[in-house]
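Structure first, commentary second.
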Amino acid sequence: MEPHPRDPGRTAWALPCLLLLALPGVGAQLDQNFKLHQPQDKVLVTAGETLTLNCTISGRAELGPVRWLKGLGSGNKTVYDQTGTSLSNVTRAVVGSNTDFTIHIRNIQPEDMGTYYCVKFVRTVTGVDKVFQRGNGTEVSVQAKPSPPLVSGPEQRAMPGQSVPFTCTTGGFFPKEIGVKWFKNKDPMMAQLPQVTEWPVKSYNVSSTVMVTLQKGDVRSQLICEVQHSTLPAPLRGTYQLSRTLRVPPSVEVRAEPSPVEVNKTVTFTCHMKEFYPANMSVFWLENGVEIKVENISQPSELPRGLFELRRQVEVQATEEKNGSTITCVVVHDAQAPVNYSAILWISNPAQGGLSKGSQMDKDDMLIYIVVGLVCIVLALLVAAILYLIRTKQIKAGKSSPSARLHEPEKSSEATTQESDPNNLTYADLNFDKERKTIRRMVEMSQQSEYACIQTNQAPNGDDNLTYADLDMVHLSKAPKRSAPRPEEAGSEYASVQITRK
Numbered sequence: 001m002e003p004h005p006r007d008p009g010r011t012a013w014a015l016p017c018l019l020l021l022a023l024p025g026v027g028a029q030l031d032q033n034f035k036l037h038q039p040q041d042k043v044l045v046t047a048g049e050t051l052t053l054n055c056t057i058s059g060r061a062e063l064g065p066v067r068w069l070k071g072l073g074s075g076n077k078t079v080y081d082q083t084g085t086s087l088s089n090v091t092r093a094v095v096g097s098n099t100d101f102t103i104h105i106r107n108i109q110p111e112d113m114g115t116y117y118c119v120k121f122v123r124t125v126t127g128v129d130k131v132f133q134r135g136n137g138t139e140v141s142v143q144a145k146p147s148p149p150l151v152s153g154p155e156q157r158a159m160p161g162q163s164v165p166f167t168c169t170t171g172g173f174f175p176k177e178i179g180v181k182w183f184k185n186k187d188p189m190m191a192q193l194p195q196v197t198e199w200p201v202k203s204y205n206v207s208s209t210v211m212v213t214l215q216k217g218d219v220r221s222q223l224i225c226e227v228q229h230s231t232l233p234a235p236l237r238g239t240y241q242l243s244r245t246l247r248v249p250p251s252v253e254v255r256a257e258p259s260p261v262e263v264n265k266t267v268t269f270t271c272h273m274k275e276f277y278p279a280n281m282s283v284f285w286l287e288n289g290v291e292i293k294v295e296n297i298s299q300p301s302e303l304p305r306g307l308f309e310l311r312r313q314v315e316v317q318a319t320e321e322k323n324g325s326t327i328t329c330v331v332v333h334d335a336q337a338p339v340n341y342s343a344i345l346w347i348s349n350p351a352q353g354g355l356s357k358g359s360q361m362d363k364d365d366m367l368i369y370i371v372v373g374l375v376c377i378v379l380a381l382l383v384a385a386i387l388y389l390i391r392t393k394q395i396k397a398g399k400s401s402p403s404a405r406l407h408e409p410e411k412s413s414e415a416t417t418q419e420s421d422p423n424n425l426t427y428a429d430l431n432f433d434k435e436r437k438t439i440r441r442m443v444e445m446s447q448q449s450e451y452a453c454i455q456t457n458q459a460p461n462g463d464d465n466l467t468y469a470d471l472d473m474v475h476l477s478k479a480p481k482r483s484a485p486r487p488e489e490a491g492s493e494y495a496s497v498q499i500t501r502k
């Protein structure tokens with residue numbers, strides 16, 4: 001059978017048809033069933049996890065690769081390329097498939113947020129790939145957990161009673177909403193509003209500050225910064241030990257034992273530093289400004305509250321020339337300025353039978369006080385004795401001698417009227433010794449006036465004018481004017497002397 005001869009006209013027509021099939025537009029018209037399917041609209045993933053982006057194609061595909069792009073336009077970034085150029089953390093879900101172009105992105109981070117597109121490219125006759133069809137895009141949001149909170153304090157230590165700031169920071173989280181709380185041990189604290197700032201890689205950072213007034217007992221206390229975020233199953237906590245900031249200066253006492261000390265004996269000086277923090281402590285001794293070398297050095301001991309105490313001792317030979325010497329304990333705590341605490345060395349001198357200098361002066365002062373007290377007591381006894389003797393003499397004289405009682409009317413607001421009243425008299429009752437009188441004598445006395453009334457007016461000039469009378473053991477008293485006494489028993493006699501007041 002002979003072969004069919006080739007028709008030159010048919011051959012000429014077939015070549016242009018092959019060229020038309022090679023053109024992209026002609027191929028698309030020839031296959032209207034090609035479809036690219038990107039089903040995901042939005043995806044929310046947590047940072048560190050693996051992101052899965054779905055893309056499938058169906059129908060006849062023209063020559064050209066399938067790629068995953070982050071963003072469109074000139075700023076896009078190729079995540080996956082069918083030709084083999086892809087990011088290191090991107091892999092195909094179904095390796096070698098010509099219809100399923102789903103990819104996995106491992107360890108997704110906030111900077112990976114954006115819109116991803118699955119794109120089918122076709123290659124032109126010039127060798128350049130151009131977009132043939134693309135999906136609607138998948139918006140990827142990375143939900144990032146905040147980093148562990150970091151609490152920082154002041155660079156230098158502070159004393160009890162001072163207020164110092166503490167800051168808590170955390171970052172790299174998304175979304176923006178976050179909460180910060182402060183605690184001192186278990187007690188909540190008031191803090192300033194947190195400051196949230198955005199990082200360039202589409203995540204956020206937060207900073208919160210609290211003021212704390214330090215206390216002496218805060219050595220074992222701690223601050224707690226608690227961060228709450230939607231990505232966290234439980235709050236994150238950052239802590240800060242207040243002992244890192246606190247400085248408690250020591251209270252220092254220097255004493256000498258024994259004091260005073262005998263000559264040539266040994267006296268021990270103790271420098272006791274109590275309740276200080278931290279334990280960094282340097283101590284050295286001075287005798288009148290000259291350093292004393294000490295061999296045995298003790299270390300601080302910790303108290304139940306976390307503070308420290310320290311005892312340092314030095315022994316000094318108490319020679320006579322060292323009496324009154326100043327022994328100084330120089331304390332340097334935590335690299336601060338030195339502080340001096342001193343005591344005096346007092347020496348007693350047995351050869352002199354007493355204390356030296358200051359102690360002897362104290363004893364002399366005490367003796368003076370004792371002597372003065374004894375002298376005062378003796379003088380008081382002498383005065384009491386003299387008064388007793390005078391009183392005794394007066395009592396005896398009253399029993400053995402006549403007495404006169406002078407009565408003078410009390411002065412009142414009517415003194416002027418009484419002075420002009422002739423009846424206002426000053427008189428004296430004379431009580432004579434009792435003697436037995438005979439009836440005759442009593443009759444004679446009754447017939448005579450037993451009262452003498454001396455009326456005194458303006459004193460006349462003359463030697464016969466009686467101006468005064470001496471009365472032994474006179475008892476003066478003030479009383480209203482009374483009538484002349486009645487004649488009494490034979491045991492007493494009375495005389496009434498009437499004087500007109502001027």
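Read in this note's numbering, the sequence shown has 287 at position 287, and its numbers run on one by one without any break.
Virtual Cβ for every residue (Gly too), placed ideally from N, Cα, C.
All values reported here derive from a predicted model rather than from experimental measurement.
Report yes if the CB atom of residue i is closer than 8 angstroms to the CB atom of residue j, and no otherwise.
i: L246; j: R305; result: no
i: H333; j: M366; result: no
i: K202; j: F174; result: yes
i: L36; j: R106; result: no
i: V43; j: I57; result: no
i: V263; j: A318; result: yes
i: E546; j: V294; result: The structure shown does not extend to residue 546, since the chain spans only 1 to 502, so no value can be given for it.
i: G64; j: V122; result: yes
i: T102; j: V94; result: yes
i: S152; j: T167; result: yes
i: D100; j: V142; result: no
i: V180; j: S208; result: yes
i: S259; j: E287; result: no
i: M189; j: W182; result: yes
i: F308; j: E302; result: yes
i: V210; j: A191; result: yes
What span of residues does the beta strand (DSSP E) with residue i cover, start to end?
i: E287; result: M281 to E287
i: G71; result: Run containing G71: none; DSSP gives neither H nor E here.
i: D218; result: Neither: D218 is in no beta strand (DSSP E) and is coded neither H nor E.
i: P165; result: S163 to F173
i: G135; result: Run containing G135: none; DSSP gives neither H nor E here.
i: Q241; result: L236 to Q241
i: S259; result: No beta strand (DSSP E) contains S259, which DSSP labels as neither H nor E.
i: Y204; result: Y204 to T213
i: Q299; result: No beta strand (DSSP E) contains Q299, which DSSP labels as neither H nor E.
i: K42; result: K42 to T46
i: V201; result: Where V201 is concerned, there is no enclosing beta strand (DSSP E), given that its DSSP letter is neither H nor E.
i: V151; result: L150 to S152
i: S230; result: Here S230 belongs to no beta strand (DSSP E), and DSSP marks it neither H nor E.
Determine which residues share a DSSP beta bridge with residue i and list them.
i: C271; result: V254 and R312
i: N503; result: Absent from the structure is residue 503, since the part of the chain shown begins at 1 and ends at 502.
i: W182; result: M189 and C225
i: R67; result: D81 and V119
i: D129; result: R123
i: E291; result: L286
i: T52; result: H104
With a threshold of 6 angstroms on Cβ separation, who are the neighbours of residue i within its own chain once the five nearest residues in sequence on each side are excluded?
i: Y341; result: V252, V254 and C329
i: K70; result: K77, V79, G114 and Y116
i: T197; result: N205
i: R220; result: G306
i: V339; result: V331
i: K120; result: L36, V66, F132 and Q133
i: G373; result: none
i: L382; result: none
i: K322; result: L345
Leaving out five residues before and five after residue i in sequence, what residues of the same chain have Cβ atoms less than 8 angstroms from its Cβ?
i: Q162; result: T213 and L214
i: Y388; result: none
i: Q40; result: L53, N54 and T138
i: A335; result: N280
i: R237; result: P149, I224, C225, E226 and V227
i: A144; result: T46, A47, Q109, P110, G172, F173, F174, S203 and T231
i: R311; result: T270, C271, H272, M273 and S298
i: V261; result: V267, A318, L345, W346, I347 and S348
i: L15; result: At L15 the pLDDT is 40, less than 50, meaning the model places this residue with poor confidence; the figure from the coordinates comes in the next sentence. Within the same chain, L15 has no close Cβ partners at all.
i: D129; result: G64, P65, F121, V122 and R123
Closer than 7 angstroms by C-beta to residue i: which residues in its own chain qualify, once you throw out the five before and the five after it? Chain order, please.
i: Q222; result: N185, T239, Y240, Q241 and L242
i: Q136; result: Note that residue 136 is Asn in the sequence shown here, rather than Gln. Counting only Cβ-Cβ distances below 7 angstroms, and skipping sequence neighbours, we find Q38.
i: D218; result: L242 and L246
i: L74; result: The sequence given here has Ser at residue 74, not Leu. Cβ neighbours of S74 beyond the five flanking positions: none.
i: H229; result: K145, P146, F173 and I178
i: L72; result: Y117
Handout entry: Sequence ranges, beta strand (DSSP E) only - wholly within the segment 87-122, length at least 3
Key = 90-92 and 103-105
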